[in-house]
Structure formats: C-alpha cells, structure tokens
Amino acid sequence: MGPPSQLWKRPAQRRLSRCLPSGAARSSTAPAPALAPAPAAARPLPYEAIPRSGRNAWLSLYRLWRSNSFPRFHLVMQRNFQRLGPIYRCGPRAAGLLGSPARRGAGRGGCSGMAGFSRTRHGGRAEARILSHRETVGTYNCVNVLLPRDAAQLFQSEGIFPRRMGIESWIAHRQLRNHKCGIFLLAVSLAGSPARRNGEEWRSDRLILNKEVISPAGTRKFLPFLNAVAQDFVTLMHQRISKNTRRSLTIDLYSDLFRFTLEASSYALYGERLGLLEESPNAESQRFISAVETMLRTTLPLLFIPPGLMRWVNTKLWRDHIEAWDTIFKHADKCIQNIYQEFCLGQPRKYSGIMAELLVQAELPLDSIKANITEFTAGGVDTTAMPLLFTLFELARNPSVQTAIRREIAEAESQGPRELSKVLNSMPLLKSALKETLRLYPVGITVQRYPTKDVVLQNYCVPAGTLCQVGLYAMGRSPEVFSNPERYDPMRWLSKEDNSFKALAFGFGARQCIGRRLAETEMMLFLMHVLRNFRIDTVSKADIKTVFGFILMPEKPPLLTFRPID
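Just so you know, we're using the working numbering here: the sequence shown kicks off at 302 and counts up by one.
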C-alpha cells in the first residue's frame, strides 16, 4: 500500500469539512472511471471457450498444498485476474459435466455454442472484449468474476432461494450428531443431502430471524449490550496503561480483540457475560473460547477436502474439529436452560438477548434456534476481530483520518443524550472507514452464488447451477474499479460516484450476512469508544502481509501503541 492518506474535501461533503484536520491535502486525483457497459457481442461465447489455468483438479489441489499456497490463495486469484482478465472458471473441460446439457447451442436467444473470441471496436481502438482463465481446485466447478457489473448480473440471476457453497465439515458435524442446520448451512449446495433443507424452509427461518437480528428494531434492542462491552474494553486498556510509567501501551491486540468480539457477540446472543475481558476468565469460559478457536483453526484444512477422506488422512484434526463443535453446542444448551429457569422463576420480563427473544416467540423449533445461535457464534468472532485490527492499523498510519473521525465522534456526542442508533447514524465517516477497511481487507475473499438460470457474464454463457464467485480481494485492489486502490481513503464512499456492487463484504440480497448489523454496530461502538479515549500509533507503517486462513488475516499482527487522551 502507498503512503498514509489525506482526506480529500469534496463539495458533496461540506457538512464533514469541519472534521478534516487543518492543512489536510485537497483532492488532486480524478475519480475512478465509470464502468462502461460491455459492448454487446453478436452471440455469447460457450462456457467451454474459457481457457483454463489448471487441467487436472486433484493435481492443482496437490500443488497448492505442496507449495503451501492456500494461505496465499487471495494473492493467487489477484494475479490470475491481472494476468488473464475479469473472469475465470474451474472444473471439467465440458460444461455438460456440470449437469446441464452439453450447450453446443442453446437455441434462439440463448447461449451460443459458437467457438472463438469476439473482438470489438471500443473508443476508436480494437480490443479483446473478454480475457478469462479457468482454474481447477479439488472437485469444485466454479466461475470467478471481478467487476461490479458482473456481480450485479450474477445476483440478478440467483432466484428467490439463493444458494452458495457450504462448509462441508460443519455440515458433516450436524449429520454426525443429528443436529439441525441453521440458515448459514441450509440450501447451500445441491439438493439431496439429508443435512440440507429446501429453499422454502430456509426462507421461512430467515424471515423469522431477520426480525431479531438484522431489522432496525431488533438491532436497537441489543445495542446497549454491545455498548457495555465496548466500554469495558476501554476500562481494561486504561487499567493496563496505568501500570506503565510511560503512560502508553504497545501491544499485539489480536488476542484481546478476539476476546472482545466473543464477549460482545455472546452477550447479544445469549444474554450472558463470559468474563473474557477479565484478567483471568473462569474455567468454563476458557473452555468455550478454546473451542471456538479450535473450530476456526481446524476448518481451513477441511475446507477443500471431503470430510470422509479427512477422517482417514488426519484423524486428530477431524476429532478436534468435532469436539470443538460439541463444546459450542453444549454452551448453547446451558444458556437455554438458564433462560428457561428464569422463565420458571417468574422474574420480570426484560430483554435478555437474541436467543431469549426467539425462545419467547416460539416461532422456530428449539433445535433450529440452537442451530442458528451456534452458527452466529462461529461467524461473529474472527470475522469482526480482523476488520477491527486492520482498521486500527490503517488509522494509526493515517493520523489525519484518525483525527477527522475523532472530531466526528465528538460532534455527534455534543448533540446531547440520544439513542445509540441515532448517535451511530450521525457518524458517516466512521462507517465509511469500516467500509474502506473491508474493501482492502475483506473477511471473505469471495462471495458465492449458484445462478438458477443460465447467465451471460463477460459475454460467456454460464450454465445454471454453476458455482459463481465474486473476487472481493481482487476487486477491492483493482484500478479498473477504484482510483488509487492501494490508498486508504474513507472519503471515496461519501462521494457522488456510483459505488453499486463495490462493497460486498457482507454479501447482497436475501442471503446477505444475517449478522451484518450485529457486526457493524459492534465495530462502530468499539471504535467510537477507543478513538474517544486513545490516540493510536503503530510501530511500523509498512504494508501488512495477509494470509488466507479461512478468513483474511495478517501474517503477523501489527504492534499498536495506545496513548490516553487527557
């Protein structure tokens, strides 16, 4: 990444101008060029015309494993896009092997079987309209795309019951223990597996959960829980700094952020504090956090290998994975018992977290509630801790941005006591900073869908039922999509530029991340309290090397310095 950014003052942001530090540089760069619609070709090219970068599925998988390239998978994808263009596919040579007809010709108005490549005139020069490559990993058939307009086309073809690739090791645990799957694992792949429901059941469960987890009304109820944990984190940092004669603290914050996000999400989900921000958590809480850590650590090696095979290849890894999930489910059972005990004691009714609300409403079966809450637990820890770590690092090496956000926070709070939701809504720059972090460091390096009908992407016909992925890491750093893509500039999201389908870290549509509001508000409250209390610096302003470990994370966490604001 380039040098620390300055905030650019644009006419569209006059009301934010007073947040800008004095002397901040003004805009001297042009906005990213608009993505012109692709010139229409006479007929779409066949799926088979896409060249491949790998020919043998298992050989490609072996090479990735042998070269230890899985942690660099996001960089491999980025290089492939740079070298070969905005679309690639992986899988067998013929589209007919995907379960669709051979596609030698799709008939009138459909996908053509025409061979060759289309060249068009655009802007007075001849250019190849499409560059693409195929890549084969394991047994997956998929198409990867880079550009926002292709993401839009893909989401428009997903149908009312969106499907995406599942995490087979998680599904295998549910089958082994006869647990139901939550909505994260429902309808994720091809029908027929006993662990999967049809789209109607997924949609029914999702609509019920939306009311408590992602709706504005539901979000307002758990905001005080998240706020209390964020305040406790600040108290913990002050206590540590008070023991240092230099009145500062330089620390690798990863483990503390992991504990904060697990404490905050668990409080919102279960209505119970785990005590993870105490210096010595109790044994039960320690077992729970260890189980979550083990589950996340063992998921990646199982991601591309069928669980049945992994049981024989690495029995300890598989056993650790299963035992970790068992501990997480036992924790959910204990919390359910505690909630029912409160009901039986006839204590005054008050909001006690998302799970308690679902139990009171009784619109979902008990096993479905437990399945979904455990999935929320698994998906709400590292996926929130990593963006916070990256954001703190970027703010540390971009002090003008940090100062501007701190001024915005002070202005929002100067308007007097208000609901937390209204305070957060009055901090657009802070929200844009998180969006900018997720552009450069997306938690998931792709977002996936299975189109329910044939779709034309970059003038290639992609058969219905093909796994399609939008390359989020590559998109976020592509100069075709963003001006100065390596520059950390939250103001880009507040301009009048069309940013449609450029911010997909939480997915899109009916299947967007259901924990989106929980994660966004948790991160905003954390940053609001931390930036109000501390100035943050970093020991090194050099770019962070990242690795893919089921989610995107730093190869080595940065050292951050916290200094209290008097």
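Note that beta-carbon positions come from the ideal geometry of N, C-alpha and C, so glycine has one too.
Spatial distance of residue i from residue j (CA atoms)
i	j	result
L603	C814	22 angstroms
T685	I852	11 angstroms
Q703	V682	24 angstroms
Q587	L577	8 angstroms
G766	H622	30 angstroms
D838	K544	19 angstroms
S556	Y761	45 angstroms
H830	D755	48 angstroms
R574	F863	26 angstroms
R450	R541	49 angstroms
D867	R833	10 angstroms
I515	R817	7 angstroms
L527	T520	10 angstroms
M596	K797	42 angstroms
L731	I706	6 angstroms
Y641	D634	11 angstroms
R620	E594	14 angstroms
P780	P786	6 angstroms
F802	T738	16 angstroms
T822	S733	13 angstroms
Burial state of residue i, where buried means 16 or more other Cβ atoms lie within 10 Å
i	result
A335	A caution first: A335 carries a pLDDT of 44, below 50, which makes its placement in the model unreliable, though a value can still be read off. Under this definition A335 is an exposed residue.
R778	buried
V661	exposed
S581	exposed
C636	buried
A697	buried
E564	buried
R475	buried
W471	buried
C391	buried
S566	buried
E717	Looking at the sequence provided, one finds Gly at residue 717 rather than Glu. Flag for G717 reads exposed.
L861	buried
N381	buried
K736	buried
E349	buried
L795	buried
N583	exposed
R547	exposed
8 angstroms Cβ shell around residue i - same chain, five flanking residues per side excluded
i	result
L618	T599, P602, L603 and M611
L570	G654, I655, M656, I674, F677, T678 and G681
W503	F462, I484, L487 and A488
V446	P387, I388, A452, L455, L758, Q759, C769, Q770, V771 and G772
Own chain, CB closer than 6 angstroms to residue i, minus 5 neighbours either side, in chain order
i	result
H375	I746, Y774 and F849
L448	P387
R409	Reliability fails at R409, whose pLDDT of 35 lies under 50, so the model's placement of it is uncertain and the value that follows must be treated cautiously. Excluding positions up to five away in sequence, the list is empty.
I468	none
K846	E856
G572	S653, G654 and A657
F561	F534
Option in the options with minimal Cα separation from residue i
i	options	result
F809	I351, H474, A453 and E643	A453
P859	D553, R380 and F677	D553
M854	P607, K651, Q457 and F694	F694
T692	L828, Q476 and E469	L828
S505	G483, F526 and G519	G483
T628	R344, P345, Y641 and K671	K671
P517	A811, S841, Y761 and L721	L721
V744	A820, R541, L861 and I461	A820
S458	R478, E787, M792 and Q749	Q749
P865	N479, L537, R344 and K481	L537
Start and end residues, alpha helix (DSSP H) containing residue i
i	result
M728	That residue, M728, is in no alpha helix (DSSP H); it is neither H nor E in DSSP.
C645	T616 to C645
I468	Element bounds for I468: n/a, residue is neither H nor E.
T600	A584 to T600
Residue i - containing beta strand (DSSP E), residue span
i	result
M824	Premise fails: M824 lies in the alpha helix (DSSP H), R817 to N834, not in any beta strand (DSSP E).
P700	Element bounds for P700: not the beta strand (DSSP E) but the alpha helix (DSSP H), P700 to E714.
N445	C443 to V446
L554	It is not in any beta strand (DSSP E) - L554 carries neither H nor E in the DSSP assignment.
R750	T747 to R750
V848	T847 to F849
M656	Run containing M656: none in the beta strand (DSSP E); it sits in the alpha helix (DSSP H), I655 to Q662.
Contact set for residue i: own chain, Cβ-Cβ below 7 angstroms, skip 5 residues either direction
i	result
L689	L558, M824 and F827
L665	D506, I509 and L659
K512	G519
W626	H474 and M596
Any non-hydrogen atom of the ligand GTP closer than 7 angstroms to residue i Cβ
i	result
K803	What this structure holds is no ligand at all, so the ligand GTP is not there to describe.
Proximity test, Cβ basis, 8 angstroms: residue i and chain B
i	result
S458	No chain B is present in this structure, which holds just one protein chain.
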